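The block underneath contains the structure these notes are about, expressed in structure tokens.
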Amino acid sequence: FGNMKPVPAEPLPVPDLCLAGRVPPTNQTLALDTSECPADMKVWPEFHNGVSAGLRLPLQTKAGESVSKITRTWIVYNRPSNSNQTESQNNGNSSETNTQGLNHAHGGLLMALGMRGHLTALEMTDIFDYLTHGSITTTVGTLLGMAANMRGTCDIAVSKMLCLHIPSLIPQHFSTIDVASAVQAAAVAGAGLLYEGSCHRMMTEFLLNEIGKRPSSDGNVSDREAYTLACGIALGMVNLCKGGNDADSGAGVADLRIEDRLCRYIIGGLDDAEMRRRREETDRLSLPSASSSNNSERCSCIYEGESINTDVTAPGATLALGLMYMKSGNKTIASAVALPDTHFLLEYVRPDFLMLRVIARALILWDDVEPSKDWVDAQVPAQVRKAYEQMRDLAESLPLGSGSSRSFGDKDYDRQAVRLIYTHVISAACF
130 FGNMKPVPAE
140 PLPVPDLCLA
150 GRVPPTNQTL
160 ALDTSECPAD
170 MKVWPEFHNG
180 VSAGLRLPLQ
190 TKAGESVSKI
200 TRTWIVYNRP
210 SNSNQTESQN
220 NGNSSETNTQ
230 GLNHAHGGLL
240 MALGMRGHLT
250 ALEMTDIFDY
260 LTHGSITTTV
270 GTLLGMAANM
280 RGTCDIAVSK
290 MLCLHIPSLI
300 PQHFSTIDVA
310 SAVQAAAVAG
320 AGLLYEGSCH
330 RMMTEFLLNE
340 IGKRPSSDGN
350 VSDREAYTLA
360 CGIALGMVNL
370 CKGGNDADSG
380 AGVADLRIED
390 RLCRYIIGGL
400 DDAEMRRRRE
410 ETDRLSLPSA
420 SSSNNSERCS
430 CIYEGESINT
440 DVTAPGATLA
450 LGLMYMKSGN
460 KTIASAVALP
470 DTHFLLEYVR
480 PDFLMLRVIA
490 RALILWDDVE
500 PSKDWVDAQV
510 PAQVRKAYEQ
520 MRDLAESLPL
530 GSGSSRSFGD
540 KDYDRQAVRL
550 IYTHVISAAC
560 F
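So for the sequence shown, this note's numbering puts the first residue at 130; every next one is plus one.
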């Protein structure tokens with residue numbers, strides 16, 4: 130990490146992904162058969178492989194100099210050329226796959242360059258070329274890299290670049306622009322990095338509304354969970370550690386009732402904002418001139434009614450609360466993400482959501498976290514811990530190979546649910 134000095138006349142070496150392993154006890158090499166795998170199986174692994182390779186570069190210092198100056202020429206030199214793509218088409222599928230892997234890895238390299246502070250060496254014309262002629266991974270790497278490079282600066286140029294890839298921020302007459310779901314999530318996450326700790330009013334209100342937004346057309350129903358999670362993390366980054374009791378914390382956004390709405394997104398119930406939006410839409414559609422133009426904007430795939438879909442909103446809202454009140458020690462907010470204490474209530478919350486609640490609660494009560502086994506065990510609800518200990522003791526007392534289903538017949542809890550809750554909570558506490 131940060132220990133590699135780049136050579137100006139040579140590209141950055143990116144190691145190939147290893148899809149083979151050794152099988153004990155003979156240690157024979159076994160390669161993965163990719164003939165039955167999807168064609169895009171290696172897209173994001175190649176991207177993250179490029180990120181890890183780029184993180185070996187030195188960090189850009191505040192004075193603008195690092196161990197070895199990384200210039201625009203060197204970054205452009207690492208970009209796979211169009212001549213290689215033409216040559217790969219003439220040589221066959223294997224060369225074409227290799228070139229595509231280089232493109233995905235270069236997208237990850239752009240993200241790593243931004244994280245290390247070197248991506249501002251590019252001109253805006255270079256950024257435009259990457260965004261218009263690159264693949265999805267290149268676009269994602271460019272957006273996240275520029276946002277990470279300008280983290281916390283609220284730079285207007287980078288903000289415009291990110292907003293152009295978020296359909297909800299594009300003017301209505303440009304709403305037909307097709308933006309990939311992965312690019313939308315990356316742009317939203319980049320906005321959170323760019324406006325980190327600024328309590329920006331417009332971005333806060335926009336991200337808060339996006340968490341609970343319903344699909345308005347058939348074109349924005351894919352990857353809703355990923356997009357909503359990115360909105361929640363971005364909302365927490367914009368208001369990072371600004372949820373305390375200080376006089377300047379959250380100035381200008383108090384009327385948004387952020388905490389109340391996030392708690393509603395976590396627990397569920399009727400969505401007041403959605404009901405109000407539907408009433409306004411009904412009034413608008415009652416006009417003869419608007420009824421015909423808005424029929425095409427309705428979603429025919431998903432109908433969620435007036436209740437909040439916590440399967441979509443809960444993860445992002447939980448992490449947003451944790452990041453907003455990070456290190457604040459606020460017991461009231463911590464109780465909002467506390468785990469239920471009965472088997473009946475625990476069955477209404479998915480185990481992975483319990484994991485996020487434990488992480489968010491630990492972020493809020495930062496000073497109470499202890500690196501001990503007792504603290505980790507204390508995060509498990511008492512009823513779950515008691516049931517898990519009973520199951521473990523009974524399993525150890527039974528002879529090997531005997532069935533134990535009849536021994537649990539008189540228990541009033543689900544054994545599989547107890548196992549899932551226990552493992553998710555323990556893993557979150559260790560995280």
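Think of the CB as a built atom: it goes at the ideal place given N, C-alpha and C, for glycine as much as any other residue.
The structure displayed is predicted, hence computed values, not measured ones.
First through last residue of the alpha helix (DSSP H) which encompasses residue i
{"i": "Val205", "result": "201-206"}
{"i": "Gln545", "result": "544-559"}
{"i": "Gln512", "result": "511-526"}
{"i": "Leu248", "result": "Neither: Leu248 is in no alpha helix (DSSP H) and is coded neither H nor E."}
{"i": "Asp481", "result": "480-493"}
{"i": "Gln502", "result": "With the sequence shown as reference, residue 502 is identified as Lys, and Gln is not the correct amino acid for it. It spans 502-507 - the alpha helix (DSSP H) in which Lys502 sits, taken as one unbroken run."}
{"i": "Thr268", "result": "265-278"}
{"i": "Met366", "result": "353-367"}
{"i": "Val172", "result": "172-183"}
{"i": "Lys289", "result": "285-292"}
{"i": "Thr442", "result": "439-453"}
{"i": "Ala465", "result": "460-465"}
{"i": "Asp389", "result": "387-396"}
Same chain only: Cβ atoms within 6 Å of residue i, ignoring 5 sequence neighbours per side
{"i": "Val172", "result": "His233"}
{"i": "Ala241", "result": "Val180, Gly183, Leu184"}
{"i": "Pro444", "result": "Leu358, Leu485"}
{"i": "Ser464", "result": "none"}
{"i": "Met453", "result": "Gly365, Asn368, Gly372"}
{"i": "Pro500", "result": "none"}
Residue environment, residue i, which counts as buried when at least 16 other CB atoms sit within 10 Å
{"i": "Glu476", "result": "exposed"}
{"i": "Ser422", "result": "Confidence is the limiting factor: at Ser422 the pLDDT is only 46, short of 50, which leaves the residue's position unreliable, though a coordinate-based value still follows. It counts as exposed."}
{"i": "Lys460", "result": "exposed"}
{"i": "Cys147", "result": "exposed"}
{"i": "Ile306", "result": "exposed"}
{"i": "Ser418", "result": "Bear in mind that the predicted position of Ser418 carries a pLDDT of just 46, short of 50, making it unreliable; the figure below should be weighed with that in mind. Classification for Ser418: exposed."}
{"i": "Pro510", "result": "buried"}
{"i": "Trp203", "result": "buried"}
{"i": "Phe560", "result": "exposed"}
{"i": "Lys342", "result": "buried"}
{"i": "Leu492", "result": "buried"}
{"i": "Pro521", "result": "Residue identity differs from the one stated: residue 521 is Arg in this sequence, not Pro. Its Cβ having fewer than 16 others within 10 Å, Arg521 is exposed."}
{"i": "Pro209", "result": "buried"}
{"i": "Gln189", "result": "buried"}
{"i": "Thr288", "result": "As written in the sequence, residue 288 is Ser, which differs from the Thr given in the question. When all chains shown are included, Ser288 counts as buried."}
{"i": "Gln313", "result": "buried"}
Cβ shell of residue i (< 8 Å), same chain only, five flanking positions each side left out
{"i": "Ile256", "result": "Thr271, Met275, Met290"}
{"i": "Lys142", "result": "Strictly speaking, residue 142 in this sequence is Pro, with Lys absent from that position. Closer than 8 Å at the Cβ level, and outside the excluded window around Pro142, lie Ala182."}
{"i": "Ile299", "result": "Cys292, Leu293, Ile306"}
{"i": "Asp496", "result": "Lys456, Gly458"}
{"i": "Arg151", "result": "Gln157, Thr158, Leu159"}
{"i": "Ala383", "result": "none"}
{"i": "Arg280", "result": "Leu322, Leu323, Glu325"}
{"i": "Glu354", "result": "Asp440, Val441, Pro444"}
{"i": "Thr333", "result": "Leu364, Val367, Asn368, Val382, Leu385, Ile387"}
{"i": "Gly221", "result": "Its pLDDT being 47, under 50, Gly221 is placed unreliably by the model, and nothing is read from it."}
N- and C-terminal bounds of the beta strand (DSSP E) containing residue i
{"i": "Ala149", "result": "149-152"}
{"i": "Ala160", "result": "157-160"}
Spatially closest choice to residue i from the options, by CA coordinates
{"i": "Phe482", "options": "Lys502, Ser457, Tyr551", "result": "Tyr551"}
{"i": "Val513", "options": "Met133, Leu494, Glu499, Phe473", "result": "Phe473"}
{"i": "Leu238", "options": "Pro140, Tyr324, Leu448", "result": "Pro140"}
{"i": "Asp352", "options": "Ala315, Met253, Cys559, Phe335", "result": "Ala315"}
{"i": "Ala446", "options": "Val509, Arg245, Val308, Cys392", "result": "Cys392"}
{"i": "Asp145", "options": "Tyr394, Arg151, Phe560, Pro174", "result": "Pro174"}
{"i": "Asp541", "options": "Gln519, Pro469, Ser210, Ser556", "result": "Gln519"}
{"i": "Arg201", "options": "Gly243, His177, Met170", "result": "Gly243"}
{"i": "Leu186", "options": "Pro528, Ile387, Ile199, Ser327", "result": "Ile199"}
{"i": "Ala138", "options": "Ser288, Arg544, Ser526, Asn207", "result": "Asn207"}
{"i": "Pro135", "options": "Asp400, Glu165, His247", "result": "His247"}
{"i": "Gly434", "options": "Ile462, Leu448, Asp400", "result": "Asp400"}
{"i": "Val487", "options": "Ala507, Pro344, Val287, Lys502", "result": "Ala507"}
{"i": "Leu494", "options": "Asn178, Ile462, Arg390", "result": "Ile462"}
{"i": "Ile295", "options": "Phe176, Ala309, Thr249, Ser164", "result": "Ala309"}
{"i": "Ala546", "options": "Ser556, Met331, Ala516, Glu525", "result": "Ala516"}
{"i": "Leu549", "options": "Val498, Leu523, Lys502, Arg479", "result": "Arg479"}
Beta-carbon spacing of residue i, residue j below 8 Å
{"i": "Ala311", "j": "Ala363", "result": "no"}
{"i": "Ala149", "j": "Thr158", "result": "yes"}
{"i": "Ala489", "j": "Leu450", "result": "yes"}
{"i": "Val505", "j": "Ala467", "result": "no"}
{"i": "Phe176", "j": "Gly263", "result": "no"}
{"i": "Cys370", "j": "Leu336", "result": "no"}
Close beta carbons around residue i, own chain, < 7 Å, minus the five adjacent residues each side
{"i": "Gly398", "result": "Ser436, Ile437"}
{"i": "Leu273", "result": "Met240, Gly243, Ala315, Ala318, Gly319"}
{"i": "Leu251", "result": "Arg201, Ile204"}
{"i": "Asp284", "result": "Leu323"}
Chain C within 8 Å of residue i, Cβ atoms only
{"i": "Leu298", "result": "Although the question refers to chain C, the structure presented lacks it and comprises just one protein chain."}
Heavy atom of the ligand MG within 7 Å of residue i beta-carbon
{"i": "Ala489", "result": "By its list of ligands, the structure shown contains no ligand whatsoever, and the ligand MG lies outside what it can speak to."}
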